[in-house]
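Data first, discussion second: the structure below is written as C-alpha cells.
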Amino acid sequence: MNFYQCDVCGRNLKKEELRYRVKIEVSAIYEQNEIHLADLIQNHQQEILQLLKRMEEMSADELEEQIYKSFEFDLCPACHREYIKSPLPLTARSPLKDDEQNTYKITERFLHSLVSEQEKKD
Numbered sequence: 002m003n004f005y006q007c008d009v010c011g012r013n014l015k016k017e018e019l020r021y022r023v024k025i026e027v028s029a030i031y032e033q034n035e036i037h038l039a040d041l042i043q044n045h046q047q048e049i050l051q052l053l054k055r056m057e058e059m060s061a062d063e064l065e066e067q068i069y070k071s072f073e074f075d076l077c078p079a080c081h082r083e084y085i086k087s088p089l090p091l092t093a094r095s096p097l098k099d100d101e102q103n104t105y106k107i108t109e110r111f112l113h114s115l116v117s118e119q120e121k122k123d
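This note's numbering applies: residue 2 is where the sequence shown begins, and numbers increase by one.
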C-alpha cells in the first residue's frame, strides 16, 4: 500500500487521504544600486580575487544554497491547520537590552523624520 507521511507529526497518510503540500522557495535578491562613473572606472580585480578565494573554500552545494534553495513538505490536515496559523515559525529575538532599545528608538525616530521631510518636499 502506498502512503505518505506528514513531515511535521509523522502520521502515515494513505495515498487517497487528504494531505497538503507546502513548497518553500528561498532565493537571493539583489537590488542594483545606482552606478556612478567612479564605479565604472574603478579596478575591481582585487574584489573579484577575494570573492574567488572565498568561493574556492566552499562546496558547490554551499554556493548554490546562497542563491536558491527549495523545500517541499507533506502535511496532514491537523498539521496544516496549525501551519497556516503561523507559516513563519521563526524564533523570536531576545528582548533588546536598555541601551539597544534606546538606540533602536533613536534610529526609528530619525528614519521617520527623514520620511516626513521627504513627504513634505513631494
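Cβ coordinates follow ideal geometry from the N, Cα and C atoms, glycine included.
| said: Rounding to the nearest angstrom, what Cα-Cα distance links C10 and L76 in this structure? | reply: 8 Å
| Any idea what DSSP makes of I36, helix, strand or coil? | coil
| field | Exposed unless 16 or more other CB atoms sit within 10 angstroms - verdict on R22 | value | exposed
| said: Measuring only the C-alpha atoms, how far is E26 from L14? | reply: 25 Å
| field | 8 Å Cβ cutoff met for S60 and K24 | value | no
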